[in-house]
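Reviewing the structure listed below.
Residue numbers (the UniProt record's numbering), protein chains in the order written: chain A, 1 to 224; chain B, 1 to 407.
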């Protein structure tokens, strides 16, 4: 199963990189427990920052952006991580999803994670990111993972980023498994090995430029 | 293979001198540019249609084109584009037929939906209906040029009763139509359906996108039985800035690129020249780039260059046209001719269209009896008839959808 992480982390040593790794570790562990292997790749928005501005101005995705969009569209699930700047996700994170093809997240579970300087920003994911991802037809998981600076010094008890990462990963794998097998969560898939023989492919947008899929002109004429 | 230039008539400040041409200067410059194109032997001059600043392109291109027709002998006049959405098809049929007579057939046109949303309400049209307007309007235009005493009813204008658009097209043969679209598969499909040409103005678009649009049009052209996919009529855009010395071209064009409203402050000129057809360099580099289009577009019939862009002064634009004619086209013509398949027609001229008409080989909208589209329609009608027989018992179906179903 293919998981793509979209990270707006601005450096390798940032707390959002650390949180992203923590969430992905939890996802991998969950996948293993349900008998599958998660192949995780990361789209780093820092590397695409100039491409994002260029596309905003020209309307045309650069080849690297096309590649990133395709990578995400081929995923079974997405983990999105952003730092919070002044009570909002960092601009290039928002910009990325604003340029992402409409409907491109259809049928994909999306786990959201963010870091911020204070716990007071913890609803940023629910109030600002959730609507954008839902608009793109992603299935945003109920649990989001938020880590404030103070969390890094606290323990890993209930409600801690660690615990939320575990809960989010469980929701993510449960949903992915039921979508892939069409029969229910990881428990049922594990209880009846073999039922995942017909694994559903991730949803793909129809190719509007495919001659075999084009709307015949007579139909267009008669709609007028 | 035809080579020409197209203009959108933008009034752009020259970033080097700070000069802004007046509308009058820009309009007169456009006529000079067209006359220069004729003088040096280019094949096509095409003008855009615009209704708002900063453009001084004609609101009705036949006004400009008739003026140029009177001052030229040979060059083919065209548009880039004529708005099929906001113009009344009756006026389009009449104005372009009139131009066709004045120009002795030396014209064709390219239809587009335009890229300026606010135009719709200026002409009493609904912007939300862009695509349905393009489809219904062209269907009417197509018929107005081919039928007299026309009875017509549609959604977007008052019905016509026994109407004959005047003048009738020259020699009874309507002007050739290119359908221009950057990203609407429906327009590529429309061009294929009627057996018309398809023009992709790829100046801001990467090859992989343009290629898919062209391929869609070609495949559907064949499906509708107008010829093989290779034989369809394809036109492409492109924009160039040349000097004999490549580095001189880069140095001179850079301030124009960096500040132009359409290019500036976004991707670097290096990235933009890689990702789009923009070619800045020596004539030899323009030759190589343009020849490479054939590798992904197939044998195509019309190549239009944008040369009067980004606020370049008239003198420089005229020099660009000279370079194109003297240092680029001789080689391009030779190379394209050497590779061009004899099975693929050239861009249609009036004489060619008259000959096709007299040979009774005009394309049949939606496909004639030998086309796959026709066979699919028959098959669908047969299946539907069977089903209705099954469900309703004895009711006989007359079969859905004949060729065109335009009634």
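Ideal Cβ positions, reconstructed from N, Cα and C, are used throughout, including at glycine. On a predicted model such as this, the values are computed, not experimentally measured, just so you know.
Inset, instruction - Output yes if chain B places a C-beta closer than 9 Å to the C-beta of residue 195 of chain A; else output no. - result: The pLDDT assigned to residue 195 of chain A is 44, lower than 50, so where the model puts this residue is not dependable; a value taken from the coordinates is nonetheless given after this. Residue 195 of chain A has a beta carbon lying at 9 Å or more from every beta carbon in chain B.
Inset, instruction - Classify residue 50 of chain B as buried or exposed, calling it buried when 16 or more other Cβ atoms lie within 10 Å of its own Cβ. - result: buried
Inset, instruction - Verify the CB distance criterion: does residue 271 of chain B have a CB-CB separation below 9 Å to chain A? - result: yes
Inset, instruction - Starting from residue 272 of chain B, follow the alpha helix (DSSP H) in both directions and report where the run begins and ends. - result: Here the alpha helix (DSSP H) through residue 272 of chain B covers 269-275.
Legend entry - Residues of its chain near residue 26 of chain B, where Cβ-Cβ distance is below 6 Å and the 5 sequence neighbours each way are ignored: 11 and 56
Inset, instruction - Go through its chain and collect everything with a Cβ distance to residue 320 of chain B's Cβ below 6 Å, but skip five positions before and after it. - result: Excluding positions up to five away in sequence, the list reads 307.
Legend entry - Contact with chain A by residue 135 of chain B, beta-carbon distance below 9 Å: yes
Legend entry - Own chain partners of residue 141 of chain B with C-beta closer than 7 Å, once the 5 adjacent residues on each side are dropped: Taken in chain order, the residues that qualify are 89, 92 and 93.
Legend entry - Cross-chain neighbours of residue 159 of chain B in chain A, by beta carbon under 8 Å: Within 8 Å Cβ-Cβ: nothing; residue 159 of chain B doesn't reach chain A, min ~14 Å.
Inset, instruction - Taking C-beta pairs closer than 9 Å, name the residues in chain B that residue 47 of chain A reaches, listed in chain order. - result: Going along chain B, no residue has its Cβ under 9 Å from residue 47 of chain A, so there is no contact; the nearest lies around 15 Å.
Legend entry - Range of the contiguous beta strand (DSSP E) that encloses residue 44 of chain A: 39-44
Legend entry - At least three beta-carbon pairs within less than 8 Å, the segment 167-185 of chain B to the segment 344-357 of chain B: yes
Legend entry - Buried versus exposed call for residue 73 of chain B [16 or more other C-beta atoms within 10 Å across all chains shown]: exposed
Legend entry - Per-residue burial, residue 76 of chain A [other beta carbons within 10 Å of its own, 16 or more giving buried]: buried
Legend entry - Cα-Cα separation between residue 182 of chain A and residue 155 of chain A, rounded to whole angstroms: Linking residue 182 of chain A to residue 155 of chain A through their CA atoms gives a straight-line distance of about 38 Å.
Inset, instruction - Please list, in chain order, all residues of the same chain as residue 197 of chain A whose beta carbon is under 6 Å from its beta carbon, the five residues on each side excluded. - result: For residue 197 of chain A, the predicted model reports a pLDDT of 44, less than 50, meaning its position is unreliable and no value from the coordinates is stated.
Legend entry - DSSP state of residue 109 of chain A mapped onto helix, strand, coil: The answer is strand: DSSP assigns residue 109 of chain A an E or B state.
Inset, instruction - Would you grab the beta carbon distance between residue 108 of chain A and residue 78 of chain A for me? Rounded to a whole angstrom, and I think it's under 8 Å. - result: 6 Å
Inset, instruction - Return yes when the Cβ of residue 309 of chain B is within less than 9 Å of the Cβ of residue 8 of chain B, no when it is not. - result: The criterion of a C-beta distance shorter than 9 Å is satisfied by residue 8 of chain B and residue 309 of chain B.
Inset, instruction - With a threshold of 16 other CB atoms inside 10 Å of the CB of residue 159 of chain B, please say whether the residue is buried or exposed. - result: Exposed is the label assigned to residue 159 of chain B, since fewer than 16 other Cβ atoms lie within 10 Å of its Cβ.
Inset, instruction - Could you confirm whether any beta carbon from chain B is found closer than 9 Å to the beta carbon of residue 101 of chain A? - result: no
Legend entry - residue 226 of chain B (DSSP reduced to helix, strand or coil): coil
Inset, instruction - Return no unless some Cβ of chain A is closer than 9 Å to the Cβ of residue 200 of chain B. - result: no
Inset, instruction - Please say whether residue 194 of chain B and residue 373 of chain B have beta carbons closer to each other than 9 Å? - result: The answer is no: Cβ separation not under 9 Å.
Legend entry - Residue closest to residue 191 of chain B, alpha-carbon to alpha-carbon, out of B/215, B/165, B/221 and B/164: B/221
Inset, instruction - Mind checking the segment 169-200 of chain B against chain A and listing, in chain order, the residues whose C-beta falls within less than 7 Å of any C-beta there? - result: 185, 186, 189, 190 and 193
Inset, instruction - With DSSP as the reference, please indicate the residues paired to residue 215 of chain A in a beta bridge. - result: Residue 215 of chain A pairs with nothing; no bridge assigned.
Legend entry - Proximal residues to residue 90 of chain A (C-beta, below 8 Å), its chain only, five neighbours per side dropped: Counting only Cβ-Cβ distances below 8 Å, and skipping sequence neighbours, we find 8, 10, 82, 83 and 84.
Inset, instruction - Going by CA-CA distance only, name the one from B/303, B/189 and B/294 that's closest to residue 367 of chain B. - result: The shortest Cα separation from residue 367 of chain B among B/303, B/189 and B/294 belongs to B/189.
Legend entry - Local Cβ density within 10 Å of residue 42 of chain A, reported as buried at 16 or more and exposed below that: buried
Legend entry - As assigned by DSSP and simplified to three states, the class of residue 242 of chain B: strand
Legend entry - Contact list for residue 205 of chain B against chain A, beta-carbon separation under 7 Å: 60
Inset, instruction - Can you pull the chain A residues whose beta carbon is under 9 Å from the beta carbon of residue 226 of chain B, in chain order? - result: Those do not exist, as residue 226 of chain B stays about 13 Å from chain A at its closest Cβ, beyond 9 Å.
Inset, instruction - Note the first and the last residue of the continuous alpha helix (DSSP H) segment covering residue 265 of chain B. - result: For residue 265 of chain B, there is no enclosing alpha helix (DSSP H), as DSSP marks it with neither H nor E.
Legend entry - First and last residue of the uninterrupted beta strand (DSSP E) at residue 83 of chain A: 77-85
Inset, instruction - Quick one: give me the first and last residue of the alpha helix (DSSP H) that residue 96 of chain B is part of. - result: 89-102
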